[in-house]
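Engineer: To start, I am sharing the structure in question, which I have written as structure tokens.
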Amino acid sequence: MTIPQITQIESLLSQPQHIVIIPHRNPDGDAMGSTLALAGYLKKKGHTPQVIAPNEYPQFLQWLPGNEEVLIYSQNSDQATEKIMAADLVFTLDFNHFSRTGSDMEAVLKNVVAPIVMIDHHQQPADYAVVTYSDTAMSSTCEMIYHFIDSLGDTELIDKDMASCIYTGIMTDTGSFRFSSTTAQTHQVVAALIAKGANNTEIHQNLNDSWSLSKMQLLGVALKNLRVLEEFNTAYITITQKELDDHNFQKGDTEGFVNYGLTLLGIRFAVIFIENKADNIIKMSLRSKGDFSVNDVAREHYSGGGHINAAGGKSDLNMEDTITHFISILPQYKAQLTQ
Ligand code: 5GP
Ligand code: MN
């Protein structure tokens, strides 16, 4: 954060405030870790924070300290809207545009008159906040929350619960500290978090060793469906609604499946296409290695976005046509994918 931004935050927090904290729709480890860590911090500073998630998040995140106090907008939209409109201050975390909260909540956020603070590491942040703390070089919004608290001179307020939340988001957004966004500074932050009581072994177990048998079998289906387009160093996976239904699909079950494509030798670009009959879309996750920007692909073709090496989007075509279309756009990226 810049010095003027720090001064402005200090002024926004100079009196006890009712503060709403909002992550993106389909919150992941970084979104929930950052919102809950910030809520823990603001409570310690004498404020009244309320985390409002746009919709449900996976079971494997529900052990996070503070989880029981989260309000879910899609389950309780009247109460959530009331709290948002009554807030003195709103923080939006881990997203760069109101639309990332879903169309219902986006409509509410557009009417907010209270000041908004954005903390986020996605590319192309929208211009809605009085303080936009945006840093695309950061591994995670959780790492930014650590720096946010540090900039305000309050690292001594970080307790075991907050440290565990922050650790979770850094770990999940860096693929367990392996993606190129992981810097020496990231490791310094993680070291500080462990010193403050974050139990790294327990957190990894909570996040990774909690699979159901049906999720494991759904992975088997996904891997059977994996196809390689050698000419483009690209691999993709499809999962149909029927395959989800046959495996008792629960939110979050397919998280990480897309990465298997990238574990194949030589593959630079991996995509998973997941049919969602309720929304009548094919939801996509895109991943890459090196400087091939899946953010660009998602923005250009799939009404989405994200980061250079991890992005998401959607297709309104059926699965078959989505795949045909996907294969048809690859030649324009051939040079980048094979250089
Ligand atoms: P995932 O594929 O794990 O859902 O998301 C990867 C990255 O892309 C995350 O940073 C996520 O915030 C972003 N992302 C996922 N879906 C969308 C989308 O529909 N629109 C935009 N703008 N970003 C997305
Ligand atoms: Mn993130």
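Each residue of the sequence shown is one higher than the last, beginning at 1 in full-length UniProt numbering.
Using N, Cα and C, we set each Cβ at its ideal position, and we do this for glycine too.
What is the C-beta distance between P65 and D161, in whole angstroms, given that I count them as a contact (C-beta under 8 Å)?
Structural biologist: 4 Å
Engineer: Taking 7 Å as the cut-off, is the C-beta of R268 nearer than that to any heavy atom in the ligand 5GP?
Structural biologist: In this structure, the C-beta of R268 stays at least 7 Å away from each heavy atom of the ligand 5GP.
Engineer: Can you give the Cα-Cα distance for F60 and L12, rounded to whole angstroms?
Structural biologist: Roughly 34 Å between the two C-alpha positions.
Engineer: Is it buried or exposed for residue 354, if we count other Cβ within 10 angstroms and need 16 for buried?
Structural biologist: Missing from the structure shown is residue 354; the chain here goes from 1 to 339 and no further.
Engineer: What residue ranges within the stretch 18 to 72 form continuous beta strand (DSSP E) runs of no fewer than 3 residues, ordered along the chain?
Structural biologist: 18 to 22, 48 to 53
Engineer: If distances are taken between C-alpha atoms only, which option among K215, K224, Y167 comes closest to K196?
Structural biologist: Comparing Cα-Cα distances from K196 to each of K215, K224, Y167, the minimum goes to Y167.
Engineer: Judging by CA-CA distance, which residue of N295, T338, Y302, V117 is the nearest neighbour of Q123?
Structural biologist: N295
Engineer: For P54, which residues from the same chain have a beta carbon less than 6 Å from its beta carbon, with the 5 sequence-adjacent residues on both sides left out?
Structural biologist: R25, Y73, T101, G102, M105
Engineer: For residue 340, report the span of its alpha helix (DSSP H) as first-last.
Structural biologist: Absent from the structure is residue 340, since the part of the chain shown begins at 1 and ends at 339.
Engineer: Which of helix, strand or coil does DSSP assign to A195?
Structural biologist: helix
Engineer: Tell me which residue opens and which closes the beta strand (DSSP E) that N276 is part of.
Structural biologist: The continuous beta strand (DSSP E) containing N276 extends over residues 269 to 276.
Engineer: Thinking C-beta only, is A298 closer than 8 Å to L317?
Structural biologist: no
Engineer: Write down the C-beta distance between V117 and F91 rounded to the nearest angstrom, noting that I regard them as a contact closer than 8 Å.
Structural biologist: 5 Å
Engineer: Could you check if K314 belongs to the surroundings of the ligand COA, using beta carbon to heavy atom distance under 7 Å?
Structural biologist: This structure lacks the ligand COA; its bound ligands are the ligand 5GP and the ligand MN.
Engineer: Does the beta-carbon of S140, which I'm using as the reference point, lie nearer than 7 Å to any heavy atom of the ligand MN?
Structural biologist: Indeed, a heavy atom of the ligand MN lies less than 7 Å from the Cβ.
Engineer: From which residue to which residue does the alpha helix (DSSP H) around L213 run?
Structural biologist: 213 to 225
Engineer: CB-CB under 8 Å to D78, same chain, minus the five flanking residues each way: which ones, in chain order?
Structural biologist: So the list is empty, once near-sequence residues are dropped.
Engineer: For Y133, name the three-state secondary structure that DSSP assigns.
Structural biologist: Correct three-state label for Y133: strand.
Engineer: Would you tell me roughly how many angstroms separate the C-alpha atoms of V108 and V20, rounded to the nearest one?
Structural biologist: 13 Å
Engineer: May I ask you to check if the CB of S100 is nearer than 7 Å to at least one heavy atom of the ligand 5GP?
Structural biologist: Before going on, a small fix: residue 100 reads as Arg here, not Ser. Under cutoff, so the answer is yes.
Engineer: Name, in chain order, the residues that DSSP records as bridge partners for R287.
Structural biologist: A270, A310
Engineer: Given the structure, does H24 come close to the ligand 5GP, in the sense that its CB is under 7 Å from one of the ligand's heavy atoms?
Structural biologist: Yes.
Engineer: Which stretch, first to last residue, makes up the alpha helix (DSSP H) that contains residue 388?
Structural biologist: For the chain, the structure presents residues 1 to 339; residue 388 sits outside this window and is missing.
Engineer: Can you tell me which residues form a DSSP beta bridge with V113?
Structural biologist: Note: V113 sits in no beta bridge, so no partner.
Engineer: Which of helix, strand or coil does DSSP assign to D246?
Structural biologist: helix
Engineer: Among Y133, F95, Q217, which has the Cα closest to the Cα of A311?
Structural biologist: F95
Engineer: Under the criterion of a Cβ to heavy atom distance below 7 Å, does H325 qualify as lining the ligand 5GP?
Structural biologist: no
Engineer: Tell me, please, whether the stretch 215 to 226 touches the stretch 171 to 186 by the rule of three or more beta-carbon pairs shorter than 8 Å.
Structural biologist: no
Engineer: If you drop the 5 nearest sequence neighbours on each side, which residues of the same chain put their C-beta closer than 8 Å to that of S180?
Structural biologist: Only N309 meet the Cβ criterion.
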